[in-house]
Every structure is written in structure tokens, then in C-alpha cells.
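K.L.:
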């Protein structure tokens, strides 16, 4: 089955700087890669996703890149703000399998 | 549009008891997924239901079970509770499309004492 690895496990950046979180996946048949943000006491919220036929996708300060050859994808947050502090999870899903496999999460702390 | 709703928000049970957790998906979503999130850990896949059938199951013992009702709501049952079952149980729903994402509820915090 799919295995998703995520790093770093913790990340602290100064407010206004950029943050990058990286994930690798094992199943070459995976074709959908969402990112979730989980704030304290809440369920994970989908913030951006990318499909395997696209190399990059942007949504305001958030972007995701996908390298199918290397089987890795990354989340980029620019101009970080205090409200970006949360735990971020990457995930992957194989074609024909509805189940998402999640990475172990990255705790992002924005330092004012 | 109402999101995914889970009840109860918190649940405290004694070791050996049974717990029942409930989930109502977003209207129009036919798939429901259950995940366990132990403190400080990631999301571990438990169960996937679609159109009333169990479609996939994670690496959990048989005392974790559930069902999906005709209105697509779902129930997770945990029998013979153990202390290590203490966790946040998250329910998510989605359309039956490979390229659609999940929408999660806020979870049920189960504490076994």
C-alpha cells in the first residue's frame, strides 16, 4: 500500500518568511495529493490539493509542487503570518483507492 | 451548507466498556471515512464506508467496527475499550470521486479511564 513520509516534524519561521514542508510517497499509482491544516481542537481542513497531471498549483500565499519522477511533493507558504501556526498534514491517494494515506504531520510555529 | 458533524464532542468511558461515535456527512456525500488520531500522532485510517457497504479497513482489531445507514450517516463502535484507545476520532466525507478531497468533522475525543 501507499506510504507517505513527511518532514520536518517541527518548523519555526519568523513572521514574513517562507515555510516549506516536504513529503515523499511510495506508490507510483498515486494521483491525488491534498494538504490539510489542523488547528488546536479542530479537525483537519483542506487547504490545497494537486493532481498528478499538474506540476504546480498556487492559491494566494500557498503553493504546492509535485515531482512525479522523484515521487515527492511540497507545500510552500510565503509571507507567513501568526495564523499560519498549526499542524500541517500531507496525504496521497492511489487511483482506484478512495483511502487517503497521511504523513505524520509538521507542527509549524510562526515567530512574531 | 452544513459541514460534517460528529457527536458526541467528548466521551469518557471505563476500560472494558463500549463506545459509540456518530457522524453525519455533508449532504450529497456518499463516502464516510473514520480515522484515529492519538495524542501527538498522525491520522491512522480505520474504516471507509460507501453506499452502506464497508469498502476498506485499516490495521485495527475487530473490536473496531461500524456501519453506514441509508441516509449515509455512520456509526463507529469500539468494544472492550482499552486505555490506548484514548484518542481523537475523526470522521470525514467525500463525493465518490478519486479527485475529490475529504471534509473532516471536528472529531470526538474519547478518553478511556
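Residue numbers (my numbering), protein chains in the order written: chain A, 20 to 131; chain B, 33 to 145.
For glycine and all other residues, C-beta sits at the position ideal for the given N, C-alpha and C.
Small disclaimer: the values here were computed from a predicted structure and weren't measured.
Are the Cβ atoms of residue 111 of chain B and residue 118 of chain A separated by less than 8 Å?
P.N.:
Going by C-beta atoms, residue 111 of chain B is not nearer than 8 Å to residue 118 of chain A.
K.L.:
Can you tell me which of B:78, B:145, B:143 puts its alpha carbon nearest to the alpha carbon of residue 106 of chain B?
P.N.:
B:78
K.L.:
Taking just the CA atoms, how far does residue 50 of chain A sit from residue 113 of chain A?
P.N.:
6 Å
K.L.:
Tell me where the beta strand (DSSP E) around residue 88 of chain A begins and ends.
P.N.:
Element bounds for residue 88 of chain A: n/a, residue is neither H nor E.
K.L.:
When we look at the beta-carbon of residue 61 of chain B and count the other beta-carbons within 10 Å, is it buried (16 or more) or exposed?
P.N.:
Label assigned to residue 61 of chain B: buried.
K.L.:
Going straight from the alpha carbon of residue 67 of chain A to that of residue 125 of chain A, what length do you get?
P.N.:
Answer to the nearest angstrom: the Cα atoms are 16 Å apart.
K.L.:
With DSSP run on the structure shown, which of helix, strand or coil describes residue 46 of chain A?
P.N.:
coil
K.L.:
Grouping DSSP H, G and I as helix and E and B as strand, with all else coil, what is residue 117 of chain B?
P.N.:
helix
K.L.:
With DSSP as the reference, label residue 36 of chain A as helix, strand or coil.
P.N.:
coil
K.L.:
Tell me residue 86 of chain B's beta-bridge partners as DSSP assigns them.
P.N.:
B:81
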